[in-house]
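Shown next, in structure tokens, is the structure this report addresses.
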Amino acid sequence: MSATAKKSADEEILTYKGHPLMRHNNIIYYGSMSDRYIIMMQILETKKVQDMEVATKVAVQLQQTSPSVRPKDRIVKKTEKNGLYTALDIAVVWLNRALSAK
Numbered sequence: 024m025s026a027t028a029k030k031s032a033d034e035e036i037l038t039y040k041g042h043p044l045m046r047h048n049n050i051i052y053y054g055s056m057s058d059r060y061i062i063m064m065q066i067l068e069t070k071k072v073q074d075m076e077v078a079t080k081v082a083v084q085l086q087q088t089s090p091s092v093r094p095k096d097r098i099v100k101k102t103e104k105n106g107l108y109t110a111l112d113i114a115v116v117w118l119n120r121a122l123s124a125k
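For reference, each letter of the sequence shown is one residue, going 24 to 125 in the numbering used here.
Following this line, the structure appears as structure tokens:
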């Protein structure tokens, strides 16, 4: 992961494979709200590994960002994956395909 995009002079936005990655509590957003699609990942289960909480089950959703679409109709695809890395792998593929489609 690389932190490349500037948010402010003191704060950087974390990016992963060219898209912003932001976390709020147990929700991780991947992509930009200015694009047509974004990925929302919700951490459903965690386990303690040494002194750190590690995600063991993650719900992944490809969502439209258009405000004209009803919230329940925004979900294009969804799945559950075991582990954050597996969830990020599917998120990258889904987001790149959705953004490259005409």
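Beta carbons are placed, not taken as given, at the ideal position from N, Cα and C, and that holds for glycine. Keep in mind that this is a model prediction, so the values were computed, not measured.
Legend entry - Backbone CA spacing between THR76 and SER123 [nearest angstrom]: In the sequence as displayed, the identity of residue 76 is Glu instead of Thr. Distance from the CA atom of GLU76 to the CA atom of SER123, rounded to whole angstroms, is 35 Å.
Legend entry - Bridge-paired residues (DSSP) for PRO94: Beta-bridge pairing links PRO94 to no other residue.
Inset, instruction - Within 10 angstroms of the Cβ of HIS42, are there 16 or more other Cβ atoms? Answer buried if so, exposed if not. - result: It is buried - the Cβ of HIS42 has at least 16 other Cβ atoms within 10 Å.
Inset, instruction - Spell out the partners DSSP gives TYR60 in its beta bridges. - result: In DSSP, TYR60 forms a bridge with GLN87.
Inset, instruction - Answer with buried or exposed for VAL92, where buried requires no fewer than 16 other C-beta atoms within 10 angstroms of its C-beta. - result: By the neighbour-count criterion, in which 16 or more other beta carbons inside 10 Å mark a residue as buried, VAL92 falls on the exposed side.
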